[in-house]
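Engineer:
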Amino acid sequence: DAGVTQSPTHLIKTRGQHVTLRCSPISGHKSVSWYQQVLGQGPQFIFQYYEKEERGRGNFPDRFSARQFPNYSSELNVNALLLGDSALYLCASSLGSLSGGEETQYFGPGTRLLVL
Amino acid sequence: LAKTTQPISMDSYEGQEVNITCSHNNIATNDYITWYQQFPSQGPRFIIQGYKTKVTNEVASLFIPADRKSSTLSLPRVSLSDTAVYYCLVPYSGAGSYQLTFGKGTKLSVIP
């Protein structure tokens with residue numbers, strides 16, 4: 002079975018530009034979450050989507066937005082890029098059934114974004 | 007959100023068993039404990055998850071005492087390829103969302 006896939010793998014942008022990152026979840030998974038990981042730190046939660054609805058949002062500015070499509074794939078958009086947005090952006094998928102705390106998230110390989 | 011505390015780093019020789027202990031003093035009744043492994047520039051890889059007592063799979067064991075305020079990840083006979091950062095997490099599953107709050111993890115270095 003294919004795991005979580007993300008595209009592109011690497012991206013270079015300049016300050017002020019906009020970026021769109023894409024994620025395809027594991028087949029059968031209905032929930033997608035996005036995380037940002039700055040070098041040397043653990044991943045930080047940005048968004049979670051389930052059945053095309055936003056289910057959770059982390060402490061990130063409004064420049065960050067996301068959406069989920071009917072096929073459960075997802076896009077993360079970041080506007081007005083700042084140097085500090087340089088990071089590894091991770092997508093994780095899960096069943097989304099929220100069976101207590103037993104839900105398990107599976108991560109993709111990430112997209113490495115460099116903002117110059 | 008249940009916070010977790012784990013050692014920043016550990017060293018081990020190849021072939022030894024490694025135990026990484028995590029404390030989560032304010033874990034809630036319904037919370038599970040989850041461990042991930044991460045290599046540089048890769049996404050975290052799910053290792054094991056448990057609620058109480060002992061859970062074992064093909065790569066690790068997870069020991070959780072009765073009070074559930076701590077847990078220990080046990081990696082049998084580590085090899086150089088086990089050098090990675092290991093994260094202990096108590097996922098937040100309230101208010102309609104499911105979130106993983108990562109700390110800095112434990113950097114395990116396996117020495118030949």
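If you read the sequences in order, they're chains A and B.
Start counting the first sequence at 2; every next residue gets the next number (the numbering used here).
Start counting the second sequence at 7; every next residue gets the next number (the numbering used here).
Backbone N, C-alpha and C fix where the C-beta goes; we use that ideal spot for every residue, glycine too.
These figures come from a predicted structure and were not determined experimentally.
Take R74/B and list the residues in its own chain whose beta-carbon comes closer than 7 Å to its own, dropping the five residues that flank it on each side.
Structural biologist: I33 and K58
Engineer: The beta strand (DSSP E) spanning R113/A covers which residue range?
Structural biologist: From DSSP, the beta strand (DSSP E) with R113/A extends over T112 to V116.
Engineer: Chain A partners of Q48/B, CB-CB under 8 Å?
Structural biologist: P110 and G111
Engineer: Let me know the secondary structure DSSP gives D17/B once reduced to three states.
Structural biologist: strand
Engineer: What are the partner residues of Q38/A, as DSSP defines its beta bridges?
Structural biologist: L89/A
Engineer: Could you tell me the alpha carbon to alpha carbon distance between F108/A and L96/A, rounded to whole angstroms?
Structural biologist: 13 Å
Engineer: Alpha carbons only, please: which of R51/B, L86/B and I70/B is nearest the one belonging to T27/B?
Structural biologist: Cα-wise, what sits closest to T27/B is I70/B.
Engineer: Give me the residue from T89/B, A72/B and T107/B with the minimum Cα distance to I117/B.
Structural biologist: Residue T89/B is the option with its Cα nearest to I117/B.
Engineer: Might you give, ordered along the chain, the residues of its own chain that have their beta carbon closer than 6 Å to the beta carbon of V24/B, omitting 5 neighbours on each side?
Structural biologist: S18, L81 and V84
Engineer: Taking one C-beta from the stretch 110-117 of chain A and one from the stretch 49-66 of chain A each time, how about it: are there three or more such pairs within less than 8 Å?
Structural biologist: no
Engineer: Taking DSSP as the reference, what is the three-state secondary structure of L84/A?
Structural biologist: helix
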